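In this note's numbering, the protein residues as written are 221 to 348. To start, the structure under review is shown below, and the notes come after it.
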Amino acid sequence: YYKATNAKGDLLANVCLSSRKDFRDAVIAARSAFGGWSGRAAFNRAQILYRIAEMLEGRKAQFLDELIKQGALSANAENEINLSIDRLIYYAGWCDKFQQVFSSVNPVASSHFNFSVPEPTGVVAIIA
Numbered sequence: 221y222y223k224a225t226n227a228k229g230d231l232l233a234n235v236c237l238s239s240r241k242d243f244r245d246a247v248i249a250a251r252s253a254f255g256g257w258s259g260r261a262a263f264n265r266a267q268i269l270y271r272i273a274e275m276l277e278g279r280k281a282q283f284l285d286e287l288i289k290q291g292a293l294s295a296n297a298e299n300e301i302n303l304s305i306d307r308l309i310y311y312a313g314w315c316d317k318f319q320q321v322f323s324s325v326n327p328v329a330s331s332h333f334n335f336s337v338p339e340p341t342g343v344v345a346i347i348a
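Dropping the structure here:
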């Protein structure tokens, strides 16, 4: 564990340190969820993202309090939460439009059609 503190040095939480095995387990869990997520209809994925935005908005005061405890200014914390909600709604709106906008019929030098259809390709792991 390591101690997470705010700008004043007050203890916020004991944060677990992770190992390569923890990282691998997280990737395995994401891969197991991938099939269910990518197999859902675009409309259903949009509903899920929009519901997350609604839940975040409903608990906005709680998230605001946590960010302020971590040392964020009140205005900055509120702006960060509002931007998070806006991003979720933005991407929820794109779920069922992405394929129509970015899919295309590719020109080929024959009497065949060549289609491009974007689809999920897998799990990406990012360490920040």
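Where is the CB? At the ideal position from N, CA and C, for every residue including glycine. Being a predicted model, the structure only gives us computed values, none of them experimental.
Nearest-angstrom Cα distance between Leu-237 and Tyr-221? Whole-angstrom Cα-Cα distance: 5 Å.
Inter-residue CB distance, Ser-304 and Leu-276 (contact presumed, cutoff 8 Å): With a Cβ gap of about 6 Å, Ser-304 and Leu-276 count as contacting.
Is Leu-303 close to the ligand PLP? I mean its beta-carbon at under 6 Å from any heavy atom of the ligand. Questions concerning the ligand PLP fall outside what the structure shown contains, since it holds no ligand whatsoever.
Thinking Leu-316 and Ala-273 are a contact (beta carbons under 8 Å), I'd like their distance in whole angstroms, please. According to the sequence displayed, residue 316 carries Asp and not Leu. Rounded, the Cβ-Cβ distance is 16 Å, inconsistent with contact.
Could you spell out where the beta strand (DSSP E) holding Asn-226 opens and where it closes? Secondary structure note for Asn-226: it is in no beta strand (DSSP E), with a DSSP letter that is neither H nor E.
Buried versus exposed, by CB contacts within 10 Å (16 or more), Ile-248: Under this definition Ile-248 is an exposed residue.
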